[in-house]
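Numbering (full-length UniProt numbering), first residue to last: 1 to 636. Note that beta-carbon positions come from the ideal geometry of N, C-alpha and C, so glycine has one too. Fair warning: this is a prediction, and the values are worked out from it, not measured in the lab. I have placed the structure first, in the form of structure tokens, so that the comments after it can refer back to it.
See below:
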């Protein structure tokens, strides 16, 4: 089953699929690779994409566009209230307090949540992908702005469920652009060399994003991100709209902003004029027939005058660039790239149908995340910053609490001024079934918190750990030390799966290389070259057959059959096995006399645990044994 990549934009969307020849952006039924993020509701049907875009003016009240930024927001959100006056459709408050949309559909007045609206758009994109692939599509990767908060990301995930899609990853738009750059580059520095620093600038229709990334061969790490969620292509359109509204008001005595349809029509023409000015510095005309009250209007604009009017917007481009360089502590850059659209290679990496070279991605958390809880010892609230700004993601940490009763953890963004969102709260997590120890002392509770691949924070598990006394009746050092301060919280950083694998590989690499050398060092170089040539030829044969099969119709005769693969395997085995299985000559190891008093292996296991480190290890072992015996706690 194929995995598709979806760029869910403010104005338009793209769908990318992995094919035998690489990544392809799918064309819709209009042979256009860009699908407008637009939905139109009528008395008998519903139109999505290009068909809905043509009804923006004729069915303005029931045609939705520009709803991407309403995800996860309350109706009273300042951003929602600021956007309402410029919208043709009605934004209403739903019973939950969130922002919804009211339209006339099937001759009935209906309210839709933002998740339902985006679910409709994703359903259309899913159909476009299925039409191109000729097979069902379930798994997907979706690109979202890097500044999306936890609530906005959860809202997009709910929309994918409504559309019948399984989102394997919400990837930041800036990270998706960096991945498209890094995976195709053959001249990246080796892992042990100094990384190549690249800045990516993404000026979209509704927002402006910048990221700094470090590249090594097969590796990408996002160092910092910055953004301006207000500056975008539509703000430059608004400058032209306001200019011509004022000019036509004086010239033709028209109050354009009083009627939504002329205003939408003028916005469309101004967007076209803006695109023309990017390639032409000369004076360009703007002519609209039967614009308002059966009056034809005309005007003109040149790029120099337009840049002067946009000076306040252009000055907002530099601060995010300076910010990312300061955050990443980089004074020199290798490249500065300006992205125009996203290529979601992540879909090919996650697809089981394609073999893609290994490329690790380390993203980051754009806002610091903290936890607070009731502290009986301090008779108030205690807090702790769990994930600082620009912390690597995905990532997990284990927090250890000492409690006698259930407690609640409040998660929130600890830098609300940096948020493009009014509510810093992430949610409350209730840890239940906490009871004191048999001796009435505090129980040890381990809570695992994580930020997953989607950038969503959660308390993934909580477990109660018993404290076992030693034979002498003394508690382990860790418990003694914790008993003196019940509210002490120890943060044990648990690395992500990828970092654990990297450290394990780093530790085992010398040993594995030595073992490989010892096993095959008796073989002749000519024989080894013969094995390598034979395996490469077999691999090339298999890849060619796979590529040819992918281009075949489902009803066509298969390119390769089972007997062909078995015959090829037999040839490979008959050639390679006699060489790699050649026995190694026996070598008698020299005998060494062992001095008296010396022994091989550990003499006494207690000797290694007399120091603080050994005591800590024994306490950890006891805790881990106890943890295995106890059931996990409930998280509400």
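The continuous beta strand (DSSP E) containing residue 19 extends over residues 12–19. Taking C-beta separations shorter than 6 Å and ignoring five residues to either side along the sequence, the partners of residue 404 in its chain run 436 and 442, following chain order.
The segment 254–262 makes no contact with the segment 163–177: fewer than 3 CB pairs, one atom from each, lie closer than 8 Å. For residue 14, the number of other beta carbons within 10 angstroms of its own is at least 16, and it is reported as buried. When DSSP states are grouped into helix, strand and coil, residue 74 belongs to the strand group.
Here residue 413 carries a strand assignment [DSSP, helix/strand/coil]. In its chain, beyond the 5 residues on either side, 218 have a beta carbon closer than 6 Å to the beta carbon of residue 358.
Sorting 540, 243, 392 and 27 by C-alpha distance to the C-alpha of residue 367 places 392 at the top.
The C-beta distance from residue 71 to residue 120 rounds to 14 Å, too long to fall under 8 Å, and the pair is not in contact.
Closest in alpha carbon position to residue 235, among 261, 220, 192 and 207, is 207. Residue 383 and residue 371 do touch by the CB rule: their CB atoms are close to 7 Å apart, below 8 Å. Counting the other Cβ atoms within 10 Å of the Cβ of residue 184 gives fewer than 16, which makes it exposed. Secondary structure note for residue 305: its alpha helix (DSSP H) is the uninterrupted segment 303–309. In the displayed model, residue 148 falls within coil according to three-state DSSP, outside both helix and strand.
Residue 551 has its alpha-carbon roughly 46 Å from the corresponding atom of residue 461. Of the candidates 145, 305, 247 and 149, the residue whose Cα lies closest to the Cα of residue 210 is 145. In this model, residue 88 and residue 262 are separated by some 11 Å (Cα to Cα). Residue 63 sits in a strand when the DSSP states are folded into three classes. Contact between residue 238 and residue 271 does not hold, since the beta-carbon distance rounds to 10 Å and is not under 8 Å.
Annotated three-state conformation of residue 206 is coil, per DSSP.
With the rule of 3 Cβ pairs closer than 8 Å, the segment 284–301 does not count as touching the segment 182–200.
By the 16-neighbour rule on beta-carbons within 10 angstroms, residue 454 is buried. In the DSSP assignment, residue 534 falls within the alpha helix (DSSP H) that extends over 525–551. For residue 47, the pairing in a beta bridge is given by DSSP as 40.
Put simply, the backbone Cα of residue 203 is about 49 Å away from that of residue 464.
Contact between residue 579 and residue 531 is confirmed by a C-beta separation of about 5 Å, below the 8 Å threshold.
With a cutoff of 8 Å on beta-carbon distance, residue 216 and residue 188 are scored as near each other. Of the candidates 198, 76, 229 and 311, 229 places its Cα closest to the Cα of residue 420. For a cut-off of 8 Å, the C-beta gap from residue 117 to residue 142 is around 15 Å, too long to register as a contact.
In the DSSP assignment, residue 175 falls within the alpha helix (DSSP H) that extends over 173–182.
Around the C-beta of residue 36, 16 or more other C-beta atoms lie within 10 Å, and the residue is accordingly described as buried. Beyond the five residues adjoining it in sequence on each side, residue 299 comes within less than 6 Å, by CB distance, of 244, 247 and 286 in the same chain, given in chain order. Scanning the segment 394–470 for uninterrupted beta strand (DSSP E) segments of 3 residues or longer gives 395–403, 407–413, 425–431, 443–451 and 457–465, listed from N- to C-terminal end. Residue 168 sits away from residue 156, with the two beta carbons spaced by 8 Å or more. Apart from the 5 residues on each side of it in sequence, residue 27 sits with its Cβ closer than 7 Å to the Cβ of 33 in its chain, given in chain order. Taken through DSSP and simplified to helix, strand or coil, residue 244 comes out as helix.
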